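Enquirer: If you scroll down you'll find the structure; I have some questions about it.
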Amino acid sequence: HHRVAILSSHISPVMASEKEAALAATPFDSPTIFDKIISKEIPSTVVYEDDKVLAFRDITPQGPIHILLIPKVRDGLTGLSKAEERHIDILGRLLYTAKLVAKQEGLDEGFRIVINDGPQGCQSVYHIHVHLIGGRQMNWPPG
Ligand code: TR5
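Positions 6 to 148 (my numbering) are the ones given, in order, by the sequence shown.
Written out as structure tokens, the structure reads:
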């Protein structure tokens with residue numbers, strides 16, 4: 006924000022808001038590793054796929070079962086905090102698919118769904134993803 010304030014003093018209000026938008030969009034609305042997983046450029050263990058959603062095993066599993074569910078098209082949805090009304094369908098689809106995959110993985114005793122958001126939420130990949138974790142007893146509160 007500090008940089009924006011300095012730049013704003015040298016450019017028109019219209020340019021200032023464009024600059025703010027550009028700064029706000031970087032680096033978090035840039036391609037991520039998940040784009041290469043979607044394109045199959047980088048291999049992953051896919052457990053479910055349709056035209057909108059891809060689900061694959063997390064490379065650093067936090068339980069016997071740890072699957073990530075992502076939208077194939079990010080459409081600005083870098084994280085849940087960036088959700089707009091146009092994302093309601095895909096958000097519902099991600100959760101519903103998580104339920105289908107939980108069933109497919111035999112998680113009949115329960116499971117944990119997590120969406121990390123932002124620095125305090127420990128988000129590391131800025132392409133929204135639902136964690137499906139199971140196969141062991143979960144604890145509460147989470148770390
Ligand atoms: O920390 P957040 O919530 O953003 O979750 C990102 C998740 O992506 C972590 O659980 C990572 O272990 C997972 N991850 C990161 C990479 C990766 C992956 N899962 C599968 N395959 C992956 N590849 C090939 N590369 C990664 N950098």
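For glycine and all other residues, C-beta sits at the position ideal for the given N, C-alpha and C.
Fair warning: this is a prediction, and the values are worked out from it, not measured in the lab.
Determine the DSSP secondary structure at Arg98, reduced to helix, strand or coil.
Expert: helix
Enquirer: Is the stretch 48–57 in contact with the stretch 86–93, if contact means three or more CB pairs nearer than 8 Å?
Expert: no
Enquirer: DSSP has Ile138 in a bridge; who is on the other side?
Expert: Answer is His71 and Arg117.
Enquirer: Using a Cβ-Cβ cut-off of 7 Å (strictly less than) and excluding sequence neighbours within five positions of Phe116, which residues of its own chain qualify?
Expert: So the list reads Ala107, Leu137, Ile138 and Gly139, once near-sequence residues are dropped.
Enquirer: With a CB to CB cut of under 8 Å and the five nearest residues on each side skipped, what residues in its chain are close to Ala30?
Expert: Here the model assigns Ala30 a pLDDT of 47, short of 50, so the residue's position is not dependable, and the following value carries that caveat. Within the same chain, Ala30 has no close Cβ partners at all.
Enquirer: From what residue to what residue does the beta strand (DSSP E) around Phe61 run?
Expert: Val58 to Arg62
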